[in-house]
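Protein chains in written order, with my numbering: chain R, 512 to 919; chain V, 512 to 919.
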């Protein structure tokens, strides 16, 4: 029983929302007469996949097709589904960065495949080198792993790093040469803070490289949960499949059909992200103001947090160029490492739990993301409200001094 | 950026919605200050799991705990997750009815397990007998399958059948004796049309059977997509785990965490389903009227459709006691079967495609659900609007006459 049309035609609604929002709702109901309460196409509502395709084409300067786009319950579902397609048996391997977002390691373990880690270079602002990709791939192949795909997270979770365009071209060439599918996790594409950096999609880089790469297989992921929307509870995600054979897309469609469809309210939120108010619309000024305020505030918080962390004894923290995180390294005294082992805990977990218990501040131990053996990190966000960041930083500093005093 | 509180405190909103709806929204925001836009606990919002537990306790007359309840993106996600826990390797088997809802066969195939079918008895109103369960189990075990769980769909999709309480007790005893986990798909629990039938949950039957069954493992599934709400686009589902070891629940929680959380709007819809307007609330009369109208209309449509189908030459169709479907058998002439094979199609698919092409009416071939070899069925719903059902029935009858004339 859908009551939206009644509300949309009620003059009291017109008093409550700006006219472009009401026009947008009318257009949605005209394109999708069943509203939010009915199952959609398993790939997502066609009208919204059209909007996503238009957004991708405008972003990249290259065509995109609604037939290659899947709307999913958050990017997580899309990523798990592509991993399901990639991993056939226990010899199939997926290359992931170290550190990495644990969805990847967990999905690979669940599907019974092999995680093939490549290290990001902490000394060089968490950079990604083709030499390290080659080292990792060769080692995996030599031990009998059938490496099928490479995961790149850009901007990066948890490090906050952003790739250069030349680096991205080298990665595409590496995948082409080694016959790897490229899985591009680009959910932080709006979260770029370094003045001389900008987000470029792998789709754009690939298509800019010309028609000799037409057969290249790329899956890219986007989300409503990051950027400046942060509407993560609605679970809206986008997967674009580029260059895949029709039979592979058919299998992806079958996997999507198993759960019938992603939630339609989340799909609508995707529509609002990819097709926001335009210049001239009544809501445009407010939209721009809120967007710019949120992104500027995130940037200020990132700068403040990194500067504060770098002042702490034993800490080193790269700049947060993008995403929503920093991944500082903390050199723990030997006595702290010994105390952690005595408590049957990883040293980074030991440190993070003490921080939580003493300050109420929750950060995530680096061992959950992966790190070079013998180094200790944690991931922290700069999402706390700006007026609380100073206090967060102060409490962390006070705790850290006491911790170092106790274990030095 | 959450604007709900602003709207909730705007007097123009008060003109647009009844006071109990506004009070409900205020309560939700008070329990869950992050609203719909933030991630929830991976098992679902605690306040809503409390409401679900209260609903289950009132329904069954036995306690339920929010700690055993998972809110999921539709029941489908919950079912797939439990199947993931059950199937470890290619020798693990899951018993499913034949016919069955294809989510089960597809999930089992995807997870690499074995589907162990037991036949429902079409001659006896699609009944489920323990003798057939035993035959199927013994045969599977004799061929080396490690049978782990039994799926029961009640009320049944696609047959429309409803189990008796005695039958359910026998099924529980069978599972207890054979050490099988019982997976109870109870998403059609509100859809009961036969006057002398009523829905009883397996949880109630199990707990009524006494404390000697305390160790029995039952997973039951419910949904906002059926009943009289039918809000399937919101993807809201409930899984209750009964009698499982804490370590199994921990694994289920881990699987839920992989996708962070189910969509929060769908969780809120679950809250509205399990905790509807109460007598005395301003919305109660309208709620009761809409609920009763929808269920009464579904019942009239079911009766009309089954009667009409049974008048067609070669058709036999059991009463639709519950759910939203009937699964008529159609005896196809030999010439039609031969024409189907010549066209490389299953005979039931051949018939359904001809029906679709000639009338625009879409039904689902029985071969997708499973059926006794050499019999042909299709699943049809009685969901078309009541004023269109007569026309649907007329067009089907006219098509069927022409089809029989052509192939007899």
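Glycine included, C-beta positions come from ideal geometry on N, C-alpha and C.
All values derive from a computational prediction rather than experimental measurement.
Just list the residues that DSSP pairs residue i with in beta bridges.
i, result
"residue 600 of chain V", "Per DSSP, none; premise fails for residue 600 of chain V."
"residue 572 of chain V", "Its beta-bridge partners do not exist; DSSP assigns none."
"residue 641 of chain V", "None; residue 641 of chain V has no bridge partner."
"residue 629 of chain R", "R:608"
"residue 833 of chain V", "V:703"
"residue 890 of chain R", "R:875"
"residue 660 of chain R", "R:605 and R:692"
"residue 583 of chain V", "V:748"
"residue 650 of chain V", "For residue 650 of chain V, which the question treats as bridged, DSSP gives no partner whatsoever."
Take residue i and list the residues in its own chain whose beta-carbon comes closer than 7 angstroms to its own, dropping the five residues that flank it on each side.
i, result
"residue 874 of chain R", "863, 866, 889, 890 and 891"
"residue 872 of chain R", "866, 903, 906 and 907"
"residue 834 of chain R", "666, 667, 668, 671, 699 and 702"
"residue 876 of chain R", "857, 859, 860, 863 and 889"
"residue 763 of chain V", "581, 592, 596 and 752"
"residue 558 of chain R", "542 and 543"
"residue 848 of chain V", "858"
Closest to residue i by C-alpha separation, out of the options, would be which residue?
i, options, result
"residue 633 of chain V", "V:886, V:646 and V:545", "V:886"
"residue 555 of chain R", "R:530, R:584 and R:607", "R:584"
"residue 720 of chain R", "R:758, R:844, R:698 and R:679", "R:679"
"residue 914 of chain V", "V:897, V:851 and V:899", "V:851"
"residue 845 of chain R", "R:704, R:593 and R:916", "R:916"
"residue 656 of chain V", "V:625, V:704, V:621 and V:819", "V:625"
"residue 562 of chain R", "R:535, R:587, R:673 and R:588", "R:535"
"residue 711 of chain V", "V:675, V:724, V:686 and V:742", "V:675"
"residue 600 of chain R", "R:718, R:621 and R:778", "R:621"
"residue 842 of chain V", "V:911, V:900 and V:533", "V:911"
"residue 553 of chain R", "R:767, R:623, R:823 and R:814", "R:767"
"residue 783 of chain R", "R:546, R:791 and R:740", "R:740"
"residue 683 of chain V", "V:730, V:653 and V:706", "V:730"
Apart from the five residues just before and just after residue i, which ones in its own chain have a Cβ nearer than 6 angstroms to its Cβ?
i, result
"residue 728 of chain V", "692, 754 and 755"
"residue 463 of chain R", "Coverage of chain R is limited to positions 512 through 919, which leaves residue 463 of chain R absent and any answer about it impossible."
"residue 662 of chain R", "607, 615 and 694"
"residue 613 of chain V", "879"
"residue 638 of chain V", "632"
"residue 828 of chain R", "817, 820, 821, 837 and 839"
"residue 930 of chain R", "There is simply no residue 930 of chain R to check, as chain R begins at 512 and stops at 919 in what is shown."
Buried or exposed for residue i, going by 16 or more other Cβ atoms inside 10 Å?
i, result
"residue 646 of chain V", "exposed"
"residue 714 of chain V", "buried"
"residue 574 of chain V", "exposed"
"residue 571 of chain V", "buried"
"residue 514 of chain V", "Any reading at residue 514 of chain V is ruled out, since the residue's pLDDT is 49, under 50, leaving its predicted position unreliable."
"residue 644 of chain V", "buried"
"residue 551 of chain R", "buried"
"residue 909 of chain R", "exposed"
"residue 775 of chain V", "buried"
"residue 746 of chain R", "buried"
"residue 840 of chain V", "buried"
"residue 522 of chain R", "exposed"
"residue 733 of chain V", "buried"
"residue 799 of chain R", "exposed"
"residue 894 of chain R", "exposed"
"residue 737 of chain V", "buried"
"residue 793 of chain R", "exposed"
"residue 635 of chain V", "exposed"
"residue 526 of chain V", "exposed"
"residue 696 of chain R", "buried"
"residue 797 of chain V", "exposed"
"residue 611 of chain R", "buried"
For residue i, which residues of its own chain have a beta-carbon under 8 angstroms away from its beta-carbon, when the five flanking residues on both sides are left out?
i, result
"residue 659 of chain R", "597, 598, 603, 604, 605, 691 and 692"
"residue 689 of chain V", "648 and 658"
"residue 932 of chain R", "There is no way to answer for residue 932 of chain R, as the model of chain R reaches only from 512 to 919."
Would a check of beta-carbon distances place residue i closer than 9 angstroms to chain C?
i, result
"residue 791 of chain R", "As a matter of chain content, chain C is missing from the structure shown, whose protein chains are R and V."
Can you list the beta strand (DSSP E) stretches of 3 or more residues lying completely in the stretch 673–697 of chain V, in chain order? Complete beta strand (DSSP E) runs here, min 3: 692–696.
Secondary structure, alpha helix (DSSP H): runs of 4+ residues fully inside the stretch 527–556 of chain V: Those alpha helix (DSSP H) runs which fall completely within the stretch 527–556 of chain V and span 4+ residues are 530–542.
Contiguous alpha helix (DSSP H) assignments of at least 4 residues, all confined to the stretch 723–791 of chain V: Counting only runs of 4 or more, we get 757–769 and 775–785.
As an exercise, report each continuous alpha helix (DSSP H) stretch of at least 4 residues that is fully enclosed by the stretch 795–873 of chain R, in chain order. Within the stretch 795–873 of chain R, complete alpha helix (DSSP H) segments of at least 4 residues are found at 795–821, 845–853 and 858–870, given in chain order.
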